[in-house]
Structures are given as structure tokens and as C-alpha cells.
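Take a look at the structure set out below.
Protein chains: 2
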Amino acid sequence: MKTRLYTPGPTMVPEQVSLEMAAPIIHHRTPEFSKVLQSCHEGLQYLFQTKNPVLMLTCSGTGAMEGAVVSVLSRSTLTLVVRGGKFGERWGEICAAYGVPFVPLDVPWGESVTAEQLEEALVANPGVRAVCLTQSETSTGALNDIKALAAVVKKRNALCLVDSITGCGVHELRVDEWGIDVAVTGSQKGLMLPPGLAFAALSDEAWEAVKRTDLPSYYLSFAKHRKSWEKTTTPWTPAITLLTGLARALEMIRSEGLEKLWERHQTMAEAMRQAVRTLGLPLFPRVPANVQTVIALPDGLDYSRLSKQLFNVYGMKTAGGQDQLTGKILRVAHLGYLDDGDIVAGVSFLERALADVGWKVNSGEAVAAAQRVLSRTPAAQ
Amino acid sequence: MKTRLYTPGPTMVPEQVSLEMAAPIIHHRTPEFSKVLQSCHEGLQYLFQTKNPVLMLTCSGTGAMEGAVVSVLSRSTLTLVVRGGKFGERWGEICAAYGVPFVPLDVPWGESVTAEQLEEALVANPGVRAVCLTQSETSTGALNDIKALAAVVKKRNALCLVDSITGCGVHELRVDEWGIDVAVTGSQKGLMLPPGLAFAALSDEAWEAVKRTDLPSYYLSFAKHRKSWEKTTTPWTPAITLLTGLARALEMIRSEGLEKLWERHQTMAEAMRQAVRTLGLPLFPRVPANVQTVIALPDGLDYSRLSKQLFNVYGMKTAGGQDQLTGKILRVAHLGYLDDGDIVAGVSFLERALADVGWKVNSGEAVAAAQRVLSRTPAAQ
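Here it is as C-alpha cells:
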């Protein structure tokens, strides 16, 4: 059976990228590989919209979050951590592991934090010198408005750390223009690669903080990675094949263009959301990210039965809820290497699987609803 | 041009493993992927000769070394670090980064540490509770006799940490039988995979130490990895494609059998060493590991010219010296996915490149010398 990943990571890998990575491996201390690194450097600066170096780490996105904490914060940096899901909580867990004092700003799962809430929290905690945010909270599907939030953080002269792991390559992200101090992402999301690489873009102010940190680090040290970056090399043996794939994936992104890429994800997400509404199903997040459509499962619609039907019969792999959301939501992701056709296919399978498990469906209505949204804009090239 | 890697990492990846990794990516929270993990668990226990879990981390070998230090040692663990090259020094750098107090036992680069030297150092430093060793010191080509050294460490009731990054899958390694407390390796060496994964096997005593550590960690935490291992999952999104490749590579190793694998590397190394001696070139390490043949370049034999001739004309990629050995040695590695034919080819290219750069060579003598060694045992199946 043909299977398709509608999951928020890993996402589908373009065939040409997979084959690039299957080519005979090259050594990493060669002019040939330096060219790959150079190409990745430029592509990542474009992706993050920054003039500063974007570090490439061999680890998962969590490793880059940890690298950010231990490289940019210090034992005395009072940090505000916005927690609206599993990944917001992760910032707090990493701070706790290293003894970085933090104040949580908790919003209910599914909600986004507003600029007003953040400002209030910063006024109430005037000692805060850093704020940890999540652009797309993958566990709930909620989008946080990083542009507005970063402006609040910068006004109070604190460092703004952003987990853009599922946001980057899907939603607008302008590191330099928006005043973001650290933005991190992983390879297996909008970058369309297998997992194993993570990336971090830092502002000049963040680089100054790197010089002052008193937290211990070695493998994930941003200082060590920066030093190697300057010489177009890496501090440790990197995931060579994933980096050759990255160079290729970044070429695809540059060729599409960031504005078009963001627009494509916007259109695909709107189409899927419209289809879900047509099916009579509620969306879980109040302000949904374009990364995935998160359905709040009504009584009588069993997650396990539905997701198994989708995968076993239609080859459509979706994700469920984690922690407190286990069994309560279905996550249909649409980021990375997908086009309009994949959206129509996904809606079609969703319609049929819902009917299979006894949900009342007027066959074709959701597909038609998605189709009307998709037809508003020309198909992506 | 056909190129061949005679480098101590990355090493050549078998075509069937590359193609396995190029297959459509699967999600990591599925029964399908659990089977991959289960197969890796079993294969790694065989490779390390241990009944305990072998952790799989998404990072380079250095990340696993750091994971070992921060998970198994503590701020008060006085540690003896044997330093006979760049990688022995790395143990010390990691200890220093986390404030683990350590006593260095320095041996000249190219030398191996003896059981007597180690015993003496432990007698002189009775407070030592852990010892960091390097099986195959990749920067010099020296082999350390881990079986004998671990026995000395265990007699003094200290923890024995072994960097087996280039040793594992080449030299005999028996974690349980030899009383090793932590052994680590990376994917891009004897395991024939691209870089991006690292592994760690721990003794029961080491697992007890994990419970007591007061050092901070998160992404590389062995405690977190162990907890997930028990559930046949991973704490973070792992390098999925590399793990599917690992399952395949471990199958190849199990099918060859460890004893035959060690013997193959022994034969290949002896053949290359004999060829090098025939060429009138001295070996650098006193006790050479079977990982690579490290040539001490005599006056008049320029590293840069020779290595470029080897690569540009014959497609033979070798490695040079690092740090104090820059320009002084040529490293011809022969580990992983190589057979007798690759050794003969390598010797042939080495002969010809040497002649090209003006070294006096009796054409065919070195190839014949290698051939005589290889012919003593049947070709590997």
C-alpha cells in the first residue's frame, strides 16, 4: 500500500533528496564537503531571514533547544517560559535541568498567548531577562504570534528565544527584522528531511550572551559551533548524508521562494480546516497554525479506531494527542513536501475513514469544500 | 572517478544500507518502527557483548562521551584520564567542561598505555573512582589493551569508561566479560553507517552511578534514554533513517559473526602494514590498532602532495595528522565495509602515488607482500 505521512514530524522526504543522501558518502574534511556546508549556510540564512550565522547541530530539535539554554542563558538569568503545551513545557524542563530560574506563564492547552498576557507577566516580573516562546505548539496545533510577542520582549530588553521547530518553513519567520534572539528548528519538519539535524539562528545580542554564560556545555555548545562555522566546518563529525540532503532541500525552498512557501501552507491548511468544518468536526486550537489541522474528537468518535482505519485501510498516517490530550484529538499535519493533490487525497481518506467508523458523512462534500479553497489560488509549481 | 574512503570515519556505506535509508521514511511512533528498534537493540547487545541495554543517541560519538560523563560521573568523582592523543584529551575536555575533577595520565602520542603504568597511576592517586580510556586512539593509530586495562581498573573498584568509537566492530570488545562500565561508539566507523548516531553500553554498576549523579543533562541523559529503551522507544525524535540503516548493518554483522569480523580486520591490517613496511615506510604507533595503518612520513615525503596525488589521481581518500601530528603522518584506514580486494586496491594506489611523488618504489612488491598475507586466510564471504 502507498503510505503518506500527515504527521508533524517526520514529514515526507522528496525522492530527489532521499537519492542524494543515498549517493556514496563523502568525507567531511574536504573541499567538496565545504561546498555543501557553504550552500547550507546561505540557504539557512535565507530560511531564517538573518544575516548572522545559522548553526547546524547533529541532534534533534530538543538538542538545539538545550544548546540555546546552556549557551545563551546563565545560572542567574531569570527566564519567563510560556507553556501552552508539551513543547512550551520542554523549555521549562531544560531550564530546570540546568538550574536556570524561571517563571512559568501557563496558558490552557489549545490557547495562544497574547501580547497583552506576555506584557502583563513581564510587568509583574521585572527581573526577567529572557523569554522562551513556541511559534507553533505542535502538541496542540496553536499558533503564537511571534512578531507581536518578540516586540513585547524586546521593549523590556530581554532575550527572546523561539522554538520554531514546526513553525520554520511553514509560517512567516524573520529573525533579524522581528528582533528574535534565538530561533531553533529541526530537519524533519518544514525542511523535508529525515530527523537528525537541528539549527539555531542567533542575534548579535544573543552572541554577546554566549560569551558570558556560566552554564556547562560541550557537544551542544553554540560557542564551539560558531567557531567552526567561521571556518566552514563543524566541531564534531556531522551527519554528513543529512547535510548533503539539506543542501538539496534548501535549494528547493529557495527555488519556490519563502513567500510562496508560506502561502502554499496557508492555502493547504485553510482547505483542510474547511473540509474538517464541513465534516461537522470542531478544531481544537483557538488560533490554529498552518502546520496541522487538529481536530477535537467529539464523543463517539474513537481516536484509536479512526487513526487505525486511516492508516491500515488508506495508508494515511496521522498523529494523536500527547499527555493530557491522549485520545482527545486527531492531528492531520500538512507541512513540508505536500501539494494540493496531497490535501485532496487526505481529505478524501478522512471522509471515507469517518464513514467507515460510523460518523455521518455526506460523501464528497468535504472534498468539494477543500477543492473550492484550493482552486482560489493557482497550484504550486 | 570511482572514489574509495580509506578514512577512520566516515567509512564506506554498503549500497544495500544506503538504499534501505532512501526508502520512504516511516513514523517513529509506530509498531513498524518499534520492530526496527527491537532489532537494533538485539544487534547492539551482540556487538557490545552485553546483556544490558545499549542506548542509541542521535549525535556524534563525542555526544555519547559527554552523555557518559554527565550521566555516570559526578562533581566529586575523581577521574583518571589516559591521554595518548586527541581523543584521550577529549575525555579530559568534557570532564573539565562539567567540573569533574580529573588526573591526567599522559603517554606520548603513538604510545599505548600499559597495565603497569595504569596501576602505578592508580596507586599514586588512591582517590580515583573512575578511569577514562580509549581503545583505538584514532589520532595516532595506537591500540590500548582494554581487557588488561579494565582488569586493573576493576581491581581498584573504579568505574571503567571506554571510548571504543573506532575500536568497536574492529577489535575484540566484551563489555560484560571484561568488566567495562561504559563503552561508547559511533555509527560511521565499524558500523558502516553515515555519522549521526552514537551508542553506549553500561554495566549494572554504571547504572547505579546514573542514579547518583549530580551533573546536569537533558538531551544526552542516559537515564532518559534508558527509560525509553525499556519501552522500545526513544526520548526524542531519533534519526529514523539512520536507525533503519543500522538494523540492516547489524544484520550484516551478525551474519558475518563477530569473531570473523575481528579476524577480517586483523588480516586486512596485517596486509596493509606488511605492504607499508615493504615500501620502506615506518609505522607511527608502537602497538597499532587494526583500524588504520598510520605511516610516519619520512623527510622528503610531503603529506599534502602525497594525499592529493592519492585522491585526485586514484580516488583514494586517506586522512592526515591532527594537532601536533599535522603533516607528519598519513592514515590509511581499513575498517567497516572493506574486503581483501579493497586492501589490494589501496596498496596498489599507494605504491603508484608514492612513485608519482618521487619515492623509490619497486613496482608490485608491496602489492605482492599484501597478497601473501591475504592469501593465508580464505577470502571473507
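Residue numbers (the working numbering), protein chains in the order written: chain A, 1 to 381; chain B, 382 to 762.
Where is the CB? At the ideal position from N, CA and C, for every residue including glycine.
Within 10 angstroms of the beta-carbon of N743 of chain B lie fewer than 16 other beta-carbons, which makes it exposed.
B:P412 is the residue among B:V543, B:L627, B:P412 and B:L574 whose C-alpha sits nearest the C-alpha of K612 of chain B.
Apart from the 5 residues on each side of it in sequence, A449 of chain B sits with its Cβ closer than 8 Å to the Cβ of L542, V563, V565, A581 and F603 in its chain, given in chain order. Taking 8 Å as the cut-off between beta carbons, the residues of the region 464-496 of chain B near chain A are E474, I475, A478, Y479 and G480, in sequence order. Just measuring C-alpha positions, the residue of B:L574, B:Y600, B:E644 and B:A650 sitting nearest T237 of chain A is B:L574. Pairing K535 of chain B with G550 of chain B, the inter-Cα distance amounts to about 24 Å. For T138 of chain A, there is no enclosing beta strand (DSSP E), as DSSP marks it with neither H nor E.
Residue nearest to P434 of chain B within the set B:W588, B:L660, B:A650 and B:A511 is B:W588 (criterion: CA-CA distance).
Within the region 226-248 of chain A, W236, T237, P238, A239, I240, T241 and L242 place their CB atoms closer than 7 Å to a CB of chain B, listed in sequence order.
Between the region 265-277 of chain A and the region 59-66 of chain A there are fewer than three inter-stretch CB-CB distances shorter than 8 Å, so the stretches are not counted as touching. Straight-line spacing of the CA atoms in G186 of chain A and R629 of chain B works out to 25 Å. With respect to chain A, the C-beta atom of G424 of chain B has no partner C-beta closer than 8 Å. Around the beta carbon of D340 of chain A, 16 or more other beta carbons sit within 10 angstroms, so the residue counts as buried. Only those residues of the region 701-723 of chain B whose C-beta falls short of 8 Å from the nearest C-beta of chain A would be listed, and there are none. Here A239 of chain A has T58, G196 and L197 as same chain residues with Cβ atoms under 8 Å from its own Cβ, once five neighbours each way along the sequence are excluded. For P669 of chain B, the beta-bridge partners assigned by DSSP are B:A523. In this structure, DSSP gives G442 of chain B a helical state, which the three-state scheme calls helix. Against chain B, the CB of Y218 of chain A has a partner CB under 8 Å away; the residue lies at that interface. Residue-level contact check: V294 of chain A does not touch chain B, since none of the beta carbons of chain B fall below 8 Å from its beta carbon.
Sequence-ordered contacts of the region 431-443 of chain B with chain A read L438, T439, C440, S441, G442 and T443 [C-beta pairs closer than 9 Å]. Near chain B, meaning a CB-to-CB distance below 9 Å, the residues of the region 300-317 of chain A are F311 and K317. When C-beta atoms of the region 256-272 of chain A are compared with those of the region 82-89 of chain A, fewer than three pairs fall below 8 Å, so the two segments do not count as touching.
Under the DSSP assignment, P485 of chain B falls outside any alpha helix (DSSP H), being part of the beta strand (DSSP E) whose first and last residues are F483 to D487. Going by DSSP, C421 of chain B is part of the alpha helix (DSSP H) stretching over P412 to F429. Excluding sequence positions up to five before and after F311 of chain A, its CB lies within less than 6 Å of the CB of K317, all in the same chain and listed in chain order. Chain A has no Cβ within less than 8 Å of the Cβ of L664 of chain B. Annotation for C132 of chain A: the continuous beta strand (DSSP E) segment containing it runs A130 to T134. With a cutoff of 8 Å on beta-carbon distance, A670 of chain B and G522 of chain B are scored as near each other. In this model, L461 of chain B and V512 of chain B are separated by some 5 Å (Cα to Cα). Bridge partners of C476 of chain B according to DSSP: none are assigned. Each of B:A726, B:H408 and B:G473 was checked against the Cα of G745 of chain B, and the nearest Cα belongs to B:A726.
The contact set of M393 of chain B on chain A, defined by CB atoms closer than 9 Å, consists of P24 and I25 in chain order. Within 10 angstroms of the beta-carbon of N144 of chain A lie 16 or more other beta-carbons, which makes it buried.
In the displayed model, L374 of chain A falls within a helix according to three-state DSSP. Between the C-alpha atoms of A496 of chain B and F665 of chain B there is a straight-line separation of about 21 Å. Shown here, T622 of chain B sits in a helix according to DSSP, grouped into three states.
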